[in-house]
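A.B. asks: Heads up: the sequence shown runs through residues 29 to 238, numbered per our numbering.
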Amino acid sequence: MIIAIDGPAASGKGTLAKRLAAHYGYHHLDTGVIYRAVAYALINAGKDLRDEVAAAAAARNLDPRTFDNPAFKSHEVGSAASIVSAIPQVRAALIEFQRQFAAKPPGAVLDGRDIGTVICPDAEVKIFVVADPKIRAHRRTLEALARGEAAEETVILADILARDERDQNRAVAPLKPAKDAYLLDNSHLDIEGGVRAAIDIVEAVRAGRR
Ligand code: DC
Numbered sequence: 029m030i031i032a033i034d035g036p037a038a039s040g041k042g043t044l045a046k047r048l049a050a051h052y053g054y055h056h057l058d059t060g061v062i063y064r065a066v067a068y069a070l071i072n073a074g075k076d077l078r079d080e081v082a083a084a085a086a087a088r089n090l091d092p093r094t095f096d097n098p099a100f101k102s103h104e105v106g107s108a109a110s111i112v113s114a115i116p117q118v119r120a121a122l123i124e125f126q127r128q129f130a131a132k133p134p135g136a137v138l139d140g141r142d143i144g145t146v147i148c149p150d151a152e153v154k155i156f157v158v159a160d161p162k163i164r165a166h167r168r169t170l171e172a173l174a175r176g177e178a179a180e181e182t183v184i185l186a187d188i189l190a191r192d193e194r195d196q197n198r199a200v201a202p203l204k205p206a207k208d209a210y211l212l213d214n215s216h217l218d219i220e221g222g223v224r225a226a227i228d229i230v231e232a233v234r235a236g237r238r
């Protein structure tokens, strides 16, 4: 089974996807990491984030062994990832890797922006996670502070809104719910509540109730 979890930055979809994968014993891929890895490679090489040739080359040379690099988690790399991810050649270079991952038995949970719409349009379960931007900014601020980074909530909110705008309005694979996705509003749910709601959706689909 393939479970697609999409949604905007800091919606809580990452934790939810990880927990769902653990619950079902499925593989988990945080697809944001691959765009972050591309952005990080460009930053490190001193290249412009809009350099399409360099970005596409970085996407083709992706090394999954680097995916747990803690530097990828920073806010700066996340914003840079949003910029490089709008380059069509970057997205094209990353499709096959994601589809192969999704096909791993016994199942996979992929979280991102376009999993249900572009990468795995036939996923059995699609969940689109949303949450109030102010609440997302608050959560991101707490996470950044916990990592020891300086974080200003109003700045993070502005960045989240800019990122939503960019991710939703890019020409290729924009952030939007698939027609057959279930909406999960995570604004007022804690982690356990979000996980429970997602499991309920998966179970309902499995039982043919949805
Ligand atoms: O989920 P994240 O914050 O790690 O994602 C960083 C950026 O990567 C996000 O702003 C847009 C891009 N992204 C994407 O375009 N498609 C995905 N499937 C995942 C992330």
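The beta carbon of each residue, even a glycine, is placed where N, CA and C say it ideally should be.
State the Cα-Cα distance for the pair Arg47 and Arg88, rounded to the nearest angstrom.
C.D. replies: For Arg47 and Arg88, the distance between alpha carbons rounds to 29 Å.
A.B. asks: How close, in whole Å, do the beta carbons of Asp139 and Ile229 come, if the pair is a contact with beta carbons under 8 Å?
C.D. replies: The Cβ separation is near 14 Å, so there is no contact.
A.B. asks: For Asp218, tell me which candidate among Gly74, Ile163, Ala178 has the shortest Cα-Cα distance.
C.D. replies: Of the listed residues, the one whose Cα sits closest to Asp218 is Ile163.
A.B. asks: Could you give the residue range of the beta strand (DSSP E) that holds Ile143?
C.D. replies: Taken as a continuous stretch (DSSP letters only), Ile143 belongs to no beta strand (DSSP E), as it is neither H nor E.
A.B. asks: Does the count of Cβ pairs from the segment 127-136 and the segment 52-65 closer than 8 Å reach three?
C.D. replies: Segments in contact, yes.
A.B. asks: Alpha carbon to alpha carbon, how far is Ala206 from Ala99? Give it in angstroms, no decimals.
C.D. replies: C-alpha separation (whole angstroms): 31 Å.
A.B. asks: May I ask you to list the residues that DSSP assigns as paired with Pro216?
C.D. replies: The amino acid occupying residue 216 in the given sequence is His; Pro does not appear at that position. Paired residue(s): none; His216 is not in a bridge.
A.B. asks: Look at the alpha carbon of Glu181 and the alpha carbon of Arg167, and state the distance between them as a whole number of angstroms.
C.D. replies: Going by the C-alpha atoms only, they are around 9 Å apart.
A.B. asks: What number of angstroms, rounded off, separates the C-alpha of Asp226 from the C-alpha of Val158?
C.D. replies: It is Ala, not Asp, that sits at residue 226 in the sequence shown. So the alpha carbons of these two residues sit roughly 12 Å apart.
A.B. asks: Grab me the residues of Arg198's own chain with a C-beta within less than 8 Å of its C-beta, minus the 5 sequence neighbours each way, in chain order.
C.D. replies: Same-chain partners within the cutoff: Ser113, Ala114.
A.B. asks: My output table needs one value for Phe95: the three-state DSSP class, helix, strand or coil.
C.D. replies: In this structure, Phe95 counts as coil in the three-state DSSP scheme.
A.B. asks: Please report the residue range of the beta strand (DSSP E) in which Lys154 lies.
C.D. replies: Segment 153-158, the beta strand (DSSP E) holding Lys154.
A.B. asks: How is Ala296 classed by DSSP in three states: helix, strand or coil?
C.D. replies: With the chain represented from 29 up to 238, any question about residue 296 goes unanswered, as that position is not in the structure.
A.B. asks: Identify which residue in Arg224, Leu203, Leu173 has its Cα closest to the Cα of Thr145.
C.D. replies: It is Leu203.
A.B. asks: Could you check whether Ala84 and Val118 sit closer than 8 Å to each other, using their CB atoms as the reference points?
C.D. replies: A contact, by the Cβ cut-off of 8 Å.
A.B. asks: Please classify Ile19: does DSSP put it in a helix, a strand, or coil?
C.D. replies: Examination of residue 19 is not possible in this model, given that the chain is present from 29 through 238 alone.
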